[in-house]
Amino acid sequence: MKSNRFWIIIFGAIILLSVIAVFIFARKQGDTVKIYQNGQLIHTGNLGMVSEPFNISVEFNGGTNIIAVEQGRIRVISANCFDGTCVRQGWHTGGLTPIVCLPNRLVITVEGKSDIDAVVG
Amino acid sequence: MAIKKLTLMSILTAVALIIFMVEAQIPIPIPVPGVKLGLANAVILFALFFERKETDIKLTKVDAFAILLCRILLGALFTGRLVAFAYSLTGGLLAFTVQVVLKRFVTKKQIWVCGAAGAVFHNIGQIAAAVIITGTPSIALYLPMLIIAGIVTGVVTGLIAQLTLERI
């Protein structure tokens with residue numbers, strides 16, 4: 001049997017590594033937005049090119065998510081699923097972790113900055 | 122013997138189910154998909170570590186597993202969240218396996234270790250199911266956050282089971 005100290009060091013190390021990973025994943029900024037439903041890419045676009053804010057409504061098996069798009073950022077503003085995690089995730093401007101609505105199988109990623117600069121230049 | 126054991130298992134299933142139902146109504150302030158308290162696991166840990174010398178009631182791994190399966194099935198039915206069933210089941214099975222294995226390596230004063238490991242693997246199972254079901258691998262990038270949340274909530278649920286077992 002291992003001592004309590006052994007287990008505390010193990011879990012402490014795992015937490016430390018996870019915190020480092022969270023910071024690494026959050027750092028990236030991006031412009032290219034991709035909206036996936038059930039693994040299929042259903043919408044894609046460049047957040048930098050948005051002049052007028054607009055909404056997109058996405059449906060899946062009776063579930064609806066309304067996505068708001070503005071220049072440089074995107075969020076889910078309403079969802080009729082039970083947890084509403086996607087709504088509370090708020091605005092996304094990038095980062096590796098996507099906006100996720102598991103009940104409606106919706107995933108929104110914002111990635112890739114470099115190819116956008118090429119277009120502007 | 123059979124009736125006493127059946128009664129205990131029924132009570133534990135009912136308690137786990139009630140905890141699960143109440144918890145499902147509490148909104149979690151952390152906007153990470155899959156994060157939850159997982160308090161119902163305290164009942165499963167209780168069943169796994171329950172032992173009474175003076176009576177003839179003894180719960181085996183299989184009994185604890187039966188309680189878990191009933192809880193997941195009835196929980197999905199009662200909350201109406203059948204979409205969450207696949208995530209719940211994958212996470213639950215993985216967490217249970219890890220807890221059964223880890224039980225050999227911990228003392229009665231280290232049930233919190235089982236709780237933390239169980240919660241972490243519950244989240245890993247859940248994310249794996251989500252990646253497969255949605256076909257979107259980038260969901261797995263939430264794993265570090267889910268591991269941190271799992272350790273924190275798992276230690277608490279483990280301690281609840283541990284302190285309860287010490288006092289009965």
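Protein chains in written order, with our numbering: chain C, 1 to 121; chain U, 122 to 289. C-beta: ideal position from N, C-alpha, C; glycine also. Computed from a predicted model, the values in this text were never measured in an experiment.
Cross-chain neighbours of residue i in chain C, by beta carbon under 8 Å
i, result
"residue 251 of chain U", "100, 102"
"residue 266 of chain U", "18, 22, 97"
"residue 262 of chain U", "25, 96, 97, 98"
"residue 140 of chain U", "None at all; the shortest Cβ gap to chain C is about 18 Å."
9 Å Cβ cut-off: residues of chain U touching residue i
i, result
"residue 1 of chain C", "226, 227, 228, 231"
"residue 89 of chain C", "152, 153, 154"
Backbone secondary structure at residue i - three-state DSSP
i, result
"residue 12 of chain C", "helix"
"residue 73 of chain C", "strand"
"residue 141 of chain U", "helix"
"residue 33 of chain C", "strand"
"residue 93 of chain C", "coil"
"residue 151 of chain U", "coil"
"residue 44 of chain C", "strand"
"residue 120 of chain C", "Only weak support is given to the placement of residue 120 of chain C: the predicted model assigns it a pLDDT of 41, under 50, and the value that follows is read from those uncertain coordinates. Reduced to three states, the DSSP call for residue 120 of chain C is helix."
"residue 158 of chain U", "coil"
"residue 287 of chain U", "helix"
"residue 257 of chain U", "coil"
"residue 102 of chain C", "coil"
"residue 271 of chain U", "helix"
"residue 78 of chain C", "strand"
"residue 55 of chain C", "strand"
"residue 63 of chain C", "strand"
"residue 136 of chain U", "helix"
"residue 107 of chain C", "strand"
"residue 278 of chain U", "helix"
Chain C residues whose Cβ lies nearer than 7 Å to that of residue i
i, result
"residue 202 of chain U", "82"
Exposure of residue i, with buried meaning 16 or more beta-carbon neighbours within 10 Å
i, result
"residue 156 of chain U", "buried"
"residue 216 of chain U", "buried"
"residue 164 of chain U", "buried"
"residue 244 of chain U", "buried"
"residue 233 of chain U", "buried"
"residue 170 of chain U", "buried"
"residue 147 of chain U", "exposed"
"residue 33 of chain C", "buried"
"residue 272 of chain U", "buried"
"residue 55 of chain C", "exposed"
"residue 75 of chain C", "buried"
"residue 278 of chain U", "buried"
"residue 176 of chain U", "exposed"
"residue 5 of chain C", "exposed"
Min CB distance residue i to chain D below 7 Å
i, result
"residue 234 of chain U", "Reference to chain D is not applicable here, since the protein chains of this structure are C and U."
Where residue i meets chain C, residues with beta-carbon distance less than 9 Å
i, result
"residue 278 of chain U", "Residues of chain C passing the Cβ test: none, with the nearest at roughly 14 Å."
Neighbouring residues, chain U, relative to residue i (Cβ below 7 Å)
i, result
"residue 11 of chain C", "237, 272"
8 Å Cβ cut-off: residues of chain U touching residue i
i, result
"residue 39 of chain C", "255, 256, 257"
"residue 107 of chain C", "255, 257, 259, 260"
Q: May I have a chain-ordered list of the alpha helix (DSSP H) segments no shorter than 4 residues that lie completely inside the segment 172-249 of chain U?
A: 182-200, 206-223
Q: Using a Cβ-Cβ cut-off of less than 9 Å, give me the residues of the segment 44-57 of chain C that come near chain U, in sequence order.
A: none
Q) Going along the chain, which residues of the segment 178-201 of chain U sit with their C-beta nearer than 9 Å to a C-beta in chain C? A) The residues in question are 200, 201.
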